[in-house]
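Numbering (my numbering), first residue to last: 112 to 237.
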Amino acid sequence: VELGLVNRIVPQAELMPAAHDLARRIITHSQAAVASILTAVARGINLSIAEGLLVEAEQFARIVPTADLREGLDAWIERRKPAYDGSWTHITRPSEARRASLAMDRLADQGETATRPFMLGWKRQK
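So, in structure tokens, the structure goes:
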């Protein structure tokens, strides 16, 4: 609990109600963000920290240009509940990022991780 790896410790009899409560809280968030988090966890579970961070960065890059991210930030700034549309609709997405994201998906499907996403089409900022 101190390290933040565990949310809560409950007696066994309270486990399922606590799990349902956590699930209810999770489903209030963006479906795209939750899916991306679960993907990062599933793909990164047996990787080194460095490789796991690359998987996390790949998933973050997929979420950044979505309407759900914009809605979440706007809602937070305006102190209101977000109204996510649950889609992967992108506000803007350069073709380079789209190609890189698809290439990273193909690598992940083959059980590999991109070690240098910018080599797959990302352009470095100068």
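Cβ coordinates follow ideal geometry from the N, Cα and C atoms, glycine included. Since the model is a prediction, treat every value here as computed from it, not as a measurement.
Within 8 Å, strictly: CB atoms of residue i and residue j
{"i": "V166", "j": "G155", "result": "yes"}
{"i": "S141", "j": "G183", "result": "yes"}
{"i": "A186", "j": "P176", "result": "no"}
{"i": "R136", "j": "A129", "result": "no"}
Continuous alpha helix (DSSP H) stretch holding residue i: start and end
{"i": "L133", "result": "126 to 137"}
{"i": "Q100", "result": "Residue 100 is absent from the model: the chain starts at 112 and stops at 237."}
{"i": "R251", "result": "Because residue 251 is not part of the residues shown, which for the chain are 112 to 237, the question remains open."}
Collapsed DSSP secondary structure at residue i in the structure displayed
{"i": "T200", "result": "coil"}
Cβ neighbours of residue i in the same chain (closer than 8 Å, five flanking residues each side left out)
{"i": "G197", "result": "S141, Q142, A143, D179"}
{"i": "Q170", "result": "S147, I148, T150, A151"}
Spatial neighbours of residue i in its chain, beta-carbon cut-off 6 Å, leaving aside the 5 residues before and after
{"i": "T55", "result": "The structure shown does not extend to residue 55, since the chain is modelled only from 112 through 237, so no value can be given for it."}
Sequence-distant residues of the same chain with beta carbon closer than 7 Å to residue i, five excluded per side
{"i": "I174", "result": "A143, A144, S147, L180"}
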